[in-house]
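Right, one structure below, let's go through it.
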Amino acid sequence: MYCSTFVVQAILLELCAAGYVLETSYTSANWFDQFSFFTSGDPTAGYVNYVDQSTATNNGYINTSNGLVYMGVDSTNVATGSGRDSVRITSNAAYNYGLFALDVSHMPGGICGTWPAFWMVGPNWPNDGEIDIIEGVNDNANNAMTLHTSDGCSITDGTFTGTLTTSNCYVYAPDQSNNAGCDIQNQNTQSYGNNFNSNGGGVIAMEWTSSDINIWFFPRGTTPSDLEAGTPDPASWKEPVAQYQGDCDIPNHFADMQIVFNTDFCGDWAGAVWGTSSYCSSLADTCNDYVQNNPSAFANAFWLINSLDVYQSDGDVVAVSHVAVSPAGHQRNETAPLLSTPLAMGGGLPNPPGKRAMRRGRSMMGGNGIK
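For the sequence shown, the positions run -18 to -1, 1 to 353 when mature numbering (1 follows the signal peptide of the UniProt record, and there is no 0) is used.
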């Protein structure tokens, strides 16, 4: 950042030492006060019924105890109607830039039929972008990290440990599967699903700046001491597992993003690739059949979260908005910037009607960033 020589020495030192400052800590003490429950139909064609907070509480799908946040699904009843009961929550705050560190002990992945995700999305998809931080389907063992954007954003292979599988972030890139986005796979088999859970989970951190987006995964017991102390310095960490930079103007493709957690079933990704898993396809002819008729299979399809800490840097232009939910369930932005500056909004093509994700893209046809 720019440091003026016209200020006194003490102020000069403070300005030059730009770093991350804790903006919000989501914990069991405030978690469900900071999120809203999504209850509309799933636009990615999942076999799922997202329930409201009251239903989730009464049925034991959510709770906070012993400093932990639990978010699960119905693992008792044969599913009817639109699908198996589950939970999808969206943060009331929207962010522009920051460091987002999730400490999670257990995730719903590694189970046939599941499609869980921890992600962020802007209000006007895909123009305001989508960042998938944790995502996978069925019995996957590797975490998939993906960006979805409007036209004009692509990334290059670089100094990160993951494997780049697709490089064009544009959701309708003609040389990729529809809505593939720019995808990087974590080759660490402790990064997702059963091995993640048996190792006690870990910390996944996503840094979003005006120049790039980086993701780190720290298996349990390997979290950097500065992050544990609440004074994170990503520049001192090991190489990220994913780094998104190249021919992409970050401020033009990512804006006003909300945090989302959900556990989906089947649909445009988990259902579409059901037959590619010899184990899952041996359990039932279709994903929907399996999810409908085997409730006990999903007893371990839950998130168990210690905390989600959001840090903001005084070296970047940042703002936090608070999103109010109207009685009809639609959302509107009520901006309360911490550091007020004009924000560049993403351009590009609108979401064409009739398009549907062949693989993933959590907010396809979702409207206002809410699937």
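Glycine included, every Cβ here is placed at the ideal spot set by N, Cα and C.
**Study point:** Span separating the alpha-carbon of Glu117 from that of Leu129
**Key:** 12 Å
Point to revise | Run of the alpha helix (DSSP H) containing Gln274, from where it starts to where it stops | key: Gln274 -> alpha helix (DSSP H) spans Cys269 to Asn275.
Check your understanding: Val60: buried (16+ other C-beta within 10 angstroms of its C-beta) or exposed?
Key -> exposed
Check your understanding: From Met327 to Asp250, what does the alpha carbon distance come to, in whole angstroms?
Key -> Reliability fails at Met327, whose pLDDT of 27 lies under 50, so the model's placement of it is uncertain and the value that follows must be treated cautiously. C-alpha separation (whole angstroms): 28 Å.
Review point. Measuring CB to CB, does Thr245 end up less than 7 Å from Pro25?
Key: no
Review point. Thinking C-beta only, is Asn150 closer than 7 Å to Gln158?
Key: yes
Practice item. State buried or exposed for Asp56, treating a residue as buried only when at least 16 other CB atoms are found within 10 Å of its CB. Key: The Cβ neighbour count for Asp56, taken over all protein chains shown within 10 Å, is at least 16; the residue is labelled buried.
Practice item. Would you identify the three-state DSSP class for residue 358, choosing helix, strand or coil? Key: The structure shown does not extend to residue 358, since the chain spans only -18 to 353, so no value can be given for it.
Check your understanding: Which partner residues of Leu286 appear in the DSSP bridge assignment?
Key -> Tyr52 and His88
**Study point:** Alpha carbon of Tyr2 to alpha carbon of Trp190, nearest angstrom
**Key:** 12 Å
Check your understanding: Below 7 Å between beta carbons: does that hold for Tyr154 and Thr131?
Key -> No. Outside cutoff.
Check your understanding: Where does Phe100 sit, in a helix, a strand or coil, going by DSSP?
Key -> strand
Exercise for review: Excluding the 5 residues preceding and the 5 following Thr141 in the sequence, name in chain order all residues of the same chain whose CB lies nearer than 8 Å to its CB.
Suggested key: Glu221 and Gln225
**Study point:** Inter-residue CB distance, Gln167 and Gly144 (contact presumed, cutoff 8 Å)
**Key:** Contact between Gln167 and Gly144 holds: CB atoms are separated by about 6 Å, below the 8 Å threshold.
Exercise for review: Could you check which residue in Trp13, Asn196, Ala283 and Phe199 has the C-alpha nearest to that of Ala75?
Suggested key: Trp13
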